[in-house]
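Enquirer: What follows is a single structure, and I will ask about it in a moment.
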Amino acid sequence: MRPLVKTKTLQRATFGWALVLLGVANAAAGTPPDSPKTSFVVVIDAGHGGKDSGALGPSGTQEKTVVLDIARRLNNYLLHEAGIHPVMVRHHDLYVSLSERAKLARRVHADLFISLHADAYEEPAARGSSVYTLSDHGASSEAARTLADRENAGEVGGVDLRSEDAVLAGVLVDLSKNASLEASDVAATKMLKALREHLKVHHDTVQKAGFKVLKSVDVPSMLIETGFISNPDEARALTDPKQQDNIARALLRGIKAYAHR
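See the structure below:
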């Protein structure tokens, strides 16, 4: 099948990883203050938010809203798991920069970083979930390369090192060089297995591409496309509380498989 062409706007850049700025924005996002590391910390990012709506479904369904609903359900499940501490990126319709997200990931000492999204392609028949990790050698497919190119080309949420202070620039470069690629692959493989057992998957293997946003944290990280919001049937399913719950439960199983490995 010929590579699918991504149709999300450039404003979906960096997948909208909207981790909330600590301090002033802490209260708005519900992010907990620092505490001693006593459990497996999972940072849950509901992609996009605020001015960045992400992809739009045929009937106008916004990606940022769908993935926030799924993230909330996942967070609720994780709150009842002994030894696992979830940290929500956003509880509301908020957007912050990549540099702020990176600061929060380091501050809470995350053990796993996942970003939830809903895919969009020109071909409306495309369906199923996909799991992506960072590649330091090249994309696993032309479709993955196109996806990364489009995401990396945008400005919303991106970090231009030339505009950052020297300390932050140094931190971002250090994080990029020390990304836990091997651990990310292990976590992503377990996540894909959990998704495959309970949901339709678009790719049978973990996909790789040079996503700038996945270079922003020095912990195992992955990006999950929960389904195709461009597919009329899946767009409706993604707004269905029952299907959102099915997705959240599958994500929970994947997280637990990695946390308790």
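Residue numbers (the numbering used here): -14 to 246.
Where is the CB? At the ideal position from N, CA and C, for every residue including glycine.
Under 7 Å between the Cβ atoms of A56 and S215?
Expert: no
Enquirer: Measuring CA to CA, which of K227, V204 and L177 is closest to S165?
Expert: V204
Enquirer: Three or more C-beta pairs under 8 Å: does that hold for the segment 108 to 118 against the segment 65 to 79?
Expert: no
Enquirer: Go to A103, then tell me how far its beta strand (DSSP E) extends in each direction, as first and last residue.
Expert: L97 to D104
Enquirer: Run through DSSP, which three-state label would I29 get?
Expert: strand
Enquirer: If G39 and Q47 are in contact, beta carbons under 8 Å, what's the gap, nearest whole angstrom?
Expert: 7 Å
Enquirer: Should V28 and A90 be called a contact, given that it needs their Cβ atoms to be closer than 7 Å?
Expert: Contact annotation: V28 and A90 have beta-carbon atoms nearer than 7 Å.
Enquirer: Comparing C-alpha positions only, which one of P226, D170 and G239 sits nearest to D54?
Expert: P226
Enquirer: Closest to H187 by CA distance: which of K175, V116 and L236 is it?
Expert: V116
Enquirer: Measure the C-alpha to C-alpha separation of A235 and L59 and round it to an integer number of angstroms.
Expert: One C-alpha to the other measures close to 9 Å.
Enquirer: Which residue wins for smallest C-alpha separation from D37, given the options K49, P43 and V26?
Expert: K49
Enquirer: What's the gap between the Cα of F213 and the Cα of S100?
Expert: 15 Å
Enquirer: Skipping 5 residues on each side, what residues in its chain have a beta carbon closer than 7 Å to that of T174?
Expert: V191
Enquirer: Please list the terminal residues of the continuous beta strand (DSSP E) segment that includes L41.
Expert: No beta strand (DSSP E) holds L41; DSSP gives it neither H nor E.
Enquirer: Would V93 and V26 be called neighbours here (beta carbons separated by less than 7 Å)?
Expert: yes
Enquirer: Measure the alpha-carbon distance for L223 versus K88 and round it to whole angstroms.
Expert: 31 Å
Enquirer: Should T23 go down as buried or exposed, given a rule of 16 or more other Cβ atoms within 10 Å for buried?
Expert: exposed
Enquirer: How big is the Cα-Cα spacing for G32 and V52?
Expert: 7 Å
Enquirer: Enumerate in chain order the residues of its own chain whose CB-to-CB distance from E210 is below 7 Å, with the five nearest sequence positions on each side excluded.
Expert: If you ignore the 5 residues before and after E210, its C-beta comes within less than 7 Å of the C-beta of H102, A103, D104, S114 and S115, all in its own chain and listed in chain order.
Enquirer: In angstroms, rounded to a whole number, what distance separates the CA positions of L97 and D218?
Expert: 31 Å
Enquirer: Look at the Cβ atom of G239, then the Cβ atom of A179, and state whether they are nearer than 7 Å.
Expert: It is a contact, given that the beta carbons lie within the stated cut-off.
Enquirer: So what's H70 in DSSP terms, helix, strand or just coil?
Expert: In the three-state scheme derived from DSSP, where H, G and I count as helix and E and B as strand, H70 is classed as strand.
Enquirer: Alpha carbons only, please: which of A242, A244, A220 and Y243 is nearest the one belonging to G45?
Expert: With respect to the C-alpha of G45, the residue from A242, A244, A220 and Y243 having the closest C-alpha is A220.
Enquirer: Bridge partners for G34 per DSSP, in chain order?
Expert: D37
Enquirer: Quick check on this structure: which residue in Y243, A242 and L237 has the alpha carbon closest to the alpha carbon of N61?
Expert: It is L237 whose Cα lies nearest to the Cα of N61.
Enquirer: Here's the rule I'm using: 16 or more other beta-carbon atoms within 10 Å means buried, otherwise exposed. How should S185 be labelled?
Expert: Correcting the residue identity first, residue 185 is Lys in this sequence and not Ser. Classification for K185: exposed.
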